[in-house]
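Undergrad: Heads up, the sequence shown is in full-length UniProt numbering, so the first residue is 1 and it goes up one at a time.
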Amino acid sequence: MPHTFGNSFQAFSLKDIVDLAKPFSSRDNYSIETFISDVEGIFNLYGIKNPIHQVIFVKKCLTGPSLTLMRSIRGITNWEQMKQHLLDEFSDKINGLHLHKIMESRRMKPFETLQEYFLAMRHLTHKGSLDDSSLIEYVIKGIPDSSNNKIILYGCKSIPEFKEKLKIYEKLFNTSRTFRSNNDKKFDDPTHAAKFDRKGTPKPTTSMLLLWFKRS
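See the structure below:
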């Protein structure tokens, strides 16, 4: 009989929920801190409170070295024990000063969307300890746009509020970036520049010449 997890709404099979989780192997850029955060989010969302169910669920999400580690340890009866073993073995946390330097130097890349950039920045915070207000500040600083355009992003009190403002700003940012890109192309074109110069400098008319001679 398949394991099931229940909440007040319905029961979910183990396989259904495991399919929602990204497997952790320790071999890629998916950090153990992010994995733990994702797992605990699923526990809260689906009401998985039974310690044995939690252990079974997490073991199903492990592959490679992380699964080998768990198989080599006896006597694990709850998620907190398992979590500590995983952190001890695979955590790549760094000190606060180094983390701030990394966040300070990280900038949004040309190929990134705002959402991808924000998620990358939030992922970095799992390597250490950083409060939400500092994360928001570093994210804003790394967006290549003027402070006037980014003013809508300031003053957020929480990550959910900031994410909502990012969605609004993204429309403005994409429009602004396209506008700047089109303008840059125009002024990089010597033909367009020559036309602009001719338009910007009016030819003298007969009346203007007569007025100049009179003043002379």
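Ideal placement from N, C-alpha and C gives every residue a C-beta, glycine not left out.
These numbers come from a predicted model, not from an experiment.
1. Which one of Glu40, Lys60, Ser31 has the shortest CA to CA distance from Asp16?
2. Report the residue from Ile168, Ser133, Tyr30, His85 whose alpha carbon sits nearest the alpha carbon of Met70.
3. Tell me Leu62's beta-bridge partners as DSSP assigns them.
4. Whole angstroms is fine: what's the gap from Phe24's alpha carbon to Leu153's?
5. Measure the C-alpha to C-alpha separation of Ile76 and Asp38 and round it to an integer number of angstroms.
6. Thinking C-alpha only, which one of Ile48, Ser133, Glu89 is nearest Glu161?
7. Excluding the 5 residues preceding and the 5 following Ala21 in the sequence, name in chain order all residues of the same chain whose CB lies nearer than 7 Å to its CB.
8. How about the stretch 91-106 and the stretch 124-132: do they share at least three Cβ pairs that are nearer than 8 Å?
9. Thinking C-alpha only, which one of Gly64, Lys150, Glu104, Pro144 is nearest residue 235?
10. Write down the C-beta distance between Gly64 and Ser31 rounded to the nearest angstrom, noting that I regard them as a contact closer than 8 Å.
11. Under the rule that 16 or more other beta-carbon atoms within 10 Å means buried, what is Ser66, buried or exposed?
12. Between the alpha carbons of Ile46 and Gly155, how many angstroms are there, rounded?
TA: If we stick to the structure as given:
1. Of Glu40, Lys60, Ser31, the smallest CA-CA separation from Asp16 is found for Lys60.
2. From the listed residues Ile168, Ser133, Tyr30, His85, the smallest Cα separation to Met70 is found for His85.
3. Its beta-bridge partners are Phe24.
4. Using only the alpha carbons, I get a separation of about 34 Å.
5. So the two alpha carbons sit approximately 20 Å from each other.
6. Comparing Cα positions, the closest option is Ser133.
7. Excluding sequence positions up to five before and after Ala21, its CB lies within less than 7 Å of the CB of Asp38, Val39, Ile42, Cys61, all in the same chain and listed in chain order.
8. Yes, the stretch 91-106 is in contact with the stretch 124-132.
9. Outside the shown range of the chain (1 to 216) lies residue 235, about which nothing can therefore be said.
10. Between Gly64 and Ser31 the beta-carbon gap is near 14 Å, outside 8 Å, which marks them as no contact.
11. Buried.
12. For the record, residue 46 in the displayed sequence is Tyr; it is not Ile. Looking at the backbone, the Cα of Tyr46 and that of Gly155 are separated by about 33 Å.
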